[in-house]
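In what follows, a structure is listed as structure tokens, so that the remarks can point back to it.
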Amino acid sequence: MPDDALGRPYGVPVRREPVVPNGVLGMLIFVATEVMFFSGLISAFVIGKSNAIGGWPPPGQPRLPVEETALNTAALLASGVALYFANRAFRKDSPSVKPLLGLAIALGGFFVLFQGAEWVALIGEGLTLTSGQLGGFFYLLVGTHALHVVAGFIILLYTYQRLSHHDLDRFTFWPAQIFWYFVVGVWPILYWQVYL
Amino acid sequence: MRAARAVMGSAVLAMAWAANLAYACPSCASPLEENRQAFVDTTIFLTVVPLTMMGGFVWWLRRKVRERDDAPEIAVPQSMLRDAGRFSKGP
Amino acid sequence: MAEAGTVDTHDAPAHDAEHGHHEQSFLSKYIFSTDHKIIAMQYMFTGIVMALIGGYMSYAFRMQLAFPGESVPGYGVVSQGEYNSLVTNHGTIMIFWVAMPMLIAAFGNYLIPLMIGADDMVFPRINRLSYQIFLISAIILIVSFFVPGGGFGGAWTSYPPLSANAEYNLTPYGATFWLVAVALEFVAFLLGGINFITTLMNSRAPGMRMHDIPMVLWMIIIASILFMASVGPLIAGAVMLFMDQVVGTGFFDPDRGGDPVLWQHLFWFFGHPEVYVVLLPAMGIVAEIICTFARKKLFNYKLILYTAFATGIISFFVWAHHQFVAGIDPRMANVFTITTLIISIPIAEMLFLYIATLYGGSIRLTTPMLWALSFIAEFLIGGITGIFLGASGSDIYFHDTYFVLAHFHYTFFPIAIIGFFAGITYWFPKMFGRMMNDSLGKIHFWGTIIAFNFIFIPLFILGAAGQHRRIYNFQNFPDLAGMQDLRVIATSALLVMLVFQAIFLFNFVYSLFKGKPAGKNPWKANTLEWTADSPPPHGNWPELPNCYRGPYEYSVPGREDDYWPQDVPPDTAPAE
Amino acid sequence: MTQGIYDFIKSIFAPLGEYLIGSAVPVGSSFAGDIDALIALVAVFVGFWALLAYAAFFFLIFRFRARDGQRAQYVTGEEKDLKRWITYPHAAIILCDLVIVFMAIMVWYNIKQRLPEADSTVRIVAQQWAWNFVHPGPDNELDTDDDINTFNELHVQEGTTYHYELISKDVLHDFSVPVFRLKQDAIPGRVMKGWFRPTKAGAYDIQCAEMCGIGHGIMGARIIVETPEEHAAWMSQGSAGKLASR
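Chains as they are written, first to last, in this note's numbering: chain A, 1 to 196; chain B, 197 to 287; chain C, 288 to 863; chain D, 864 to 1109.
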């Protein structure tokens, strides 16, 4: 095996394009941390749930709206799909990118509003942060996710605005998508864990 | 050397397995069996998730590097193909 | 998101727009700078200030232990509650506000762009934000001492229900401030870590392959990856603990269906990888220094890299060894004993490889080299004593005794203090353009190292005799009251060590202004940072360097010089 | 068979353990000797490697110090004959680790995982910042009228196997008796079970080993290990005193 010192061809090396653009790589690392954050929350929830004496959900607490939220889940997933097609259109420079991105944003907004309405109803039924383990974990997990949805929603609005001004590039759109896919992808797991 | 290492590796695994043979646990403190199981499950979960993510990322990166190196329209100097490091496919 | 559009800072440096004009005010140059070197300095000086605060705390509580009940000069009488908050915050500060900013943030920020031949980090503004959040977190922590009720005193591990409920810890504000400070600090390092990894991946000089990256950068990157992958659950736990403290939820309150062991589960999932997060950068610094002053290539670069990776991966499997007697399922202890002993293997191998690097060298015992070698010598003690604690059977006895305390000081002192001194004495000429005084450096070195051993060897003995941690006065325990001599020895050694730090501070300030001018490459080292001016200007190089070879090509046969910088083109085409 | 191997290895290291730990802290329980022997074994194994590493380290520093006109060698560390110096110790360390793991797990299993038949049971209730002990009294059963409650003082009888039930009223505490080599966290909401068997009469410290608030430093108690006669005397006196106070 040749030495590093002697075995390399003579010549000026060329700087190459990075394999993954900076923004994308940074966002991927950030999302990985977020995945661990949600893993921690879910682990805490699994352990908290296992401590309940008398079964889960605890007796005497309001039921979570499973069916309505299923609809909402579908809306969020559809938003992810819309974003995926928006990206395909974007790469082909097709004019349908704008309505598709708009649809994704609208579905995301629908999710947030629906979630808010659901919370208002639940608080009315007496489920609050301090009403017990169910309330605490519900607002902790779903609330943390809701914050992420709002953040992702704002990021998507920003990309939409850039798109309207015709200066949206791949290196902004791609990280924004990664974040939204993460927000969409983590929700079914939370739905399965918390609601079902 | 390699064989010795394999033997020792399997010995370690055997120990790990044997450790759980002593399953009886009269001094376990948790009032609930589900709670005990939940700790074991989340331990495994929390350990596997980061390693999977890192492994998946390295795999994805490797694939991307290969794709790029295979793509004909991007001119890559021959010397760089050779020198791209551990994520490249080598000479 | 603003930086996301930038493919490569060398093509379109995002921060040049801000710094295009040449006359900068003091504020924009030193306070709100996006230059990685300035940010590194900010981290370093904040770290030094925090180290002084942490050292002062250790002085106060060691004096209380040696002379219980007497007024400590410069502090006053240490009450029980104050003692607890002193030890708690000493631990927190030394790990989160000294070891991490000095080793990862300061050296990472300073070295990564310089060593890979880049002009700056890829996200300079995120980098600046990272330091600002870090500074706020430090301020919050210091403020926590002066709120009603005093600073938090529930140990740096902050186990609930003690930490969750003000009825128990009696520090209603201190506990919350402490928690917020720690969480903000994590956010700061999260932002820093994103920067480090992305920069190393994407901004390397032309020709720098994976195996041409200096070891210290690999170690900082692996540490960052470990940090990013392990901190999430702890932030989750911190949010829950914060809600328990402030909102009044009961996640960790057994009376309301919560589970106090859950916090330990989440905390130690981060807590153990954290040890390697700070260890690896120090190991990397030592690797650079040993190679430079032994004029030797690193002994089997790839194997060292693999042991570092292996350490990182295994560190995710070992955390429950902190909880052997904490009420987890006893069967889990068996599994974690095995994994804990397995992690000793790559670490031991890494130390062997470092020792093997000395073989065949030409060793010059300069101040940085002394620090680097003492790192190996001292860390070895820390490493081997860890086996006693990793083995579940003996941990029953040693858990939470002074043996544990001495053990992790034998790891953290080499990491944080020796690693920092090694790094600062080695890179001082690059950072400030002047040499540090070698004689003063050696006096400081011997004073610190000898005193350090005299602090902690007595504590090993006390721990083996069954003395527990975090007890403010051992006169309350008849079996322990008799060993006061050892405590006095440890405290006296601490005083000596603290006094010797004045020599360092003097040397630092003196050399800053009066030191011998260093020139570009005073140590005749290979890595790219030594090809820049000392101190490097904004943008580091007029023209960014290329890389032609690995970082440790010292004493290559057939060359006149015994070093061969990475950016020097080969003289001729190689004869194959 | 595993027990036989364990006993054999233990018998080798027991005297050293007696010297290392037993000389400072009395060997007060049936399993204290096991832990001491394990500590001695680890000390010998890691001590051997540490000395070897130090010897190599200082020898190399001395042998290869900078001398005029002498260049360092160019060694990559990938040469087979040099790499051997790393791989052999590496393999040997794995073997040492295996022995340590085996012994540690055996000791752990004996102390923490199994519960031998008990002669008596005591209840230990930790609170901020004191220990309450409930002795079963003459009828040897807890939760009866003749239970003896004491404060910061636990009375046990030499040579008797005790189970303990460890309870915490408020925060985490840790019941630690150095002479027994016994340590167990008390977790509010759970009952921790374990056992010990005192072997040496005398009065020893109990410490709280988990940070439990401001009074952590004063949360000590005494464990009084008595001979059967003394214990019987204390018990009659204790229950009489209790009846009198009623």
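A virtual CB, placed ideally from N, CA and C, is assigned to each residue, including glycine.
Am I right that residue i and residue j are in contact with their C-beta atoms under 8 angstroms? What's the rounded C-beta distance?
{"i": "residue 468/C", "j": "residue 424/C", "result": "5 angstroms"}
{"i": "residue 668/C", "j": "residue 689/C", "result": "Not really, about 15 angstroms apart at Cβ, beyond 8 angstroms."}
{"i": "residue 720/C", "j": "residue 798/C", "result": "At roughly 10 angstroms, the Cβ-Cβ gap does not stay under 8 angstroms, so residue 720/C and residue 798/C are not in contact."}
{"i": "residue 40/A", "j": "residue 553/C", "result": "6 angstroms"}
{"i": "residue 710/C", "j": "residue 572/C", "result": "4 angstroms"}
{"i": "residue 700/C", "j": "residue 739/C", "result": "6 angstroms"}
{"i": "residue 246/B", "j": "residue 977/D", "result": "With 8 angstroms as the limit, residue 246/B and residue 977/D do not qualify as a contact, their Cβ atoms being about 35 angstroms apart."}
Decide if residue i is buried, meaning its Cβ has at least 16 other Cβ atoms within 10 Å, or exposed.
{"i": "residue 164/A", "result": "exposed"}
{"i": "residue 737/C", "result": "exposed"}
{"i": "residue 946/D", "result": "buried"}
{"i": "residue 100/A", "result": "buried"}
{"i": "residue 1015/D", "result": "exposed"}
{"i": "residue 20/A", "result": "buried"}
{"i": "residue 520/C", "result": "buried"}
{"i": "residue 1012/D", "result": "exposed"}
{"i": "residue 166/A", "result": "exposed"}
{"i": "residue 866/D", "result": "exposed"}
{"i": "residue 418/C", "result": "buried"}
{"i": "residue 91/A", "result": "exposed"}
{"i": "residue 534/C", "result": "exposed"}
{"i": "residue 853/C", "result": "buried"}
{"i": "residue 926/D", "result": "exposed"}
{"i": "residue 733/C", "result": "exposed"}
So which residues of chain B does residue i contact, with C-beta pairs closer than 8 angstroms?
{"i": "residue 975/D", "result": "223"}
{"i": "residue 945/D", "result": "The contacting residues do not exist; residue 945/D stays about 14 angstroms from chain B at best."}
{"i": "residue 1017/D", "result": "The premise fails here: residue 1017/D is roughly 19 angstroms from chain B at the closest Cβ pair, so nothing lies under 8 angstroms."}
{"i": "residue 978/D", "result": "222 and 223"}
{"i": "residue 517/C", "result": "246"}
{"i": "residue 764/C", "result": "In chain order: nothing, as chain B lies at least about 27 angstroms away."}
Could you work out which residues of chain C lie near residue i, taking near to mean beta carbons separated by less than 8 angstroms?
{"i": "residue 235/B", "result": "548, 552, 615, 616 and 619"}
{"i": "residue 990/D", "result": "Within 8 angstroms Cβ-Cβ: nothing; residue 990/D doesn't reach chain C, min ~11 angstroms."}
{"i": "residue 30/A", "result": "477 and 481"}
{"i": "residue 1094/D", "result": "Going along chain C, no residue has its Cβ under 8 angstroms from residue 1094/D, so there is no contact; the nearest lies around 21 angstroms."}
Name the chain B residues whose beta carbon is nearer than 7 angstroms to that of residue i?
{"i": "residue 51/A", "result": "228 and 231"}
{"i": "residue 183/A", "result": "Within 7 angstroms Cβ-Cβ: nothing; residue 183/A doesn't reach chain B, min ~17 angstroms."}
{"i": "residue 27/A", "result": "Here the premise fails: no neighbours, minimum Cβ distance about 12 angstroms."}
{"i": "residue 1005/D", "result": "Ordered by position in chain B, no residue passes the 7 angstroms Cβ test against residue 1005/D, which lies about 17 angstroms from the chain."}
Closer than 7 angstroms by beta-carbon distance: list the chain A residues that pair up with residue i, in chain order.
{"i": "residue 536/C", "result": "129, 130 and 136"}
{"i": "residue 238/B", "result": "43, 46 and 47"}
{"i": "residue 261/B", "result": "19"}
Residues of chain C with a CB under 9 angstroms from the CB of residue i: which are they?
{"i": "residue 248/B", "result": "What residue 248/B touches in chain C: nothing, since even the nearest Cβ is about 10 angstroms away."}
What residues from chain D crowd round residue i, counting only those whose CB sits closer than 9 angstroms?
{"i": "residue 624/C", "result": "963, 964, 967, 968 and 971"}
Which bits of chain A does residue i rub up against, with CB to CB less than 9 angstroms?
{"i": "residue 245/B", "result": "35, 36 and 39"}
So which residues on chain C does residue i lean against when the C-beta distance must stay under 7 angstroms?
{"i": "residue 934/D", "result": "649, 842 and 849"}
### Whole alpha helix (DSSP H) elements within the region 538–598 of chain C, 4-residue minimum
The qualifying runs are 547–581.
### Query
Counting only runs that start and end within the region 753–790 of chain C, where is the beta strand (DSSP E) found for 3 or more residues in a row?
Entirely contained in the region 753–790 of chain C, not one beta strand (DSSP E) run reaches 3 residues.
### Message
What are the residues in the region 1054–1086 of chain D lying within 7 angstroms of chain B by C-beta distance?
### Response
Close to chain B, meaning a Cβ-Cβ distance shorter than 7 angstroms, are the following residues of the region 1054–1086 of chain D: 1054, 1055, 1056 and 1057.
### Query
Taking only runs of the alpha helix (DSSP H) that begin and end inside the region 484–548 of chain C, which ones reach a length of at least 4 residues, in chain order?
List check, alpha helix (DSSP H) in window: 502–533.
### Query
Enumerated in chain order, which unbroken segments of the alpha helix (DSSP H) with a length of 4 residues or greater are wholly contained in the region 329–377 of chain C?
For the alpha helix (DSSP H) assignment, the region 329–377 of chain C encloses no uninterrupted run of at least 4 residues.
### Message
Suppose only complete runs of 4+ residues qualify. What are the alpha helix (DSSP H) ranges in the region 1060–1088 of chain D, listed by chain order?
### Response
Runs found: none.
### Contact list for the region 658–670 of chain C against chain D, Cβ threshold 8 angstroms
Residues 660, 663, 664, 667 and 668.
### Message
Against chain D, which members of the region 682–695 of chain C pass a CB distance test of less than 7 angstroms?
### Response
Taking a C-beta cut-off of 7 angstroms against chain D, the contacting residues of the region 682–695 of chain C are 683, 684, 686 and 687, listed in chain order.
### Query
Taking Cβ-Cβ distances below 8 angstroms as the criterion, which residues of the region 62–85 of chain A are in contact with chain C?
Residues of the region 62–85 of chain A with a C-beta atom less than 8 angstroms from some C-beta of chain C do not occur.
### Task
Identify every run of the alpha helix (DSSP H) within the region 12–76 of chain A, keeping only runs that are complete inside it and at least 4 residues long; order them along the chain.
Taken in chain order, the whole alpha helix (DSSP H) runs of length 4 or more contained in the region 12–76 of chain A are 22–50.
### Selection of the region 1041–1053 of chain D by Cβ proximity to chain C, strictly under 9 angstroms
When C-beta distances to chain C are compared with 9 angstroms, the residues of the region 1041–1053 of chain D below that value are 1041, 1042, 1044, 1045, 1046, 1047, 1048, 1049, 1050, 1051, 1052 and 1053, in chain order.
### Task
Mind listing, in chain order, the continuous alpha helix (DSSP H) runs of no fewer than 4 residues lying wholly within the region 95–181 of chain A?
For the region 95–181 of chain A, the full-length alpha helix (DSSP H) segments reaching 4 residues or more read 97–124 and 133–164 along the chain.
#### Entry: Members of the region 810–821 of chain C that neighbour chain A once the beta carbon cut-off is set at 8 angstroms
Along the region 810–821 of chain C, none of the residues has a CB nearer than 8 angstroms to a CB of chain A.
### Task
Could you list the residues in the region 520–532 of chain C with a C-beta less than 8 angstroms from some C-beta on chain A, going in chain order?
If you check each beta-carbon in the region 520–532 of chain C against every beta-carbon of chain A, the ones closer than 8 angstroms belong to 520, 521, 522, 523, 524, 526, 527 and 530.
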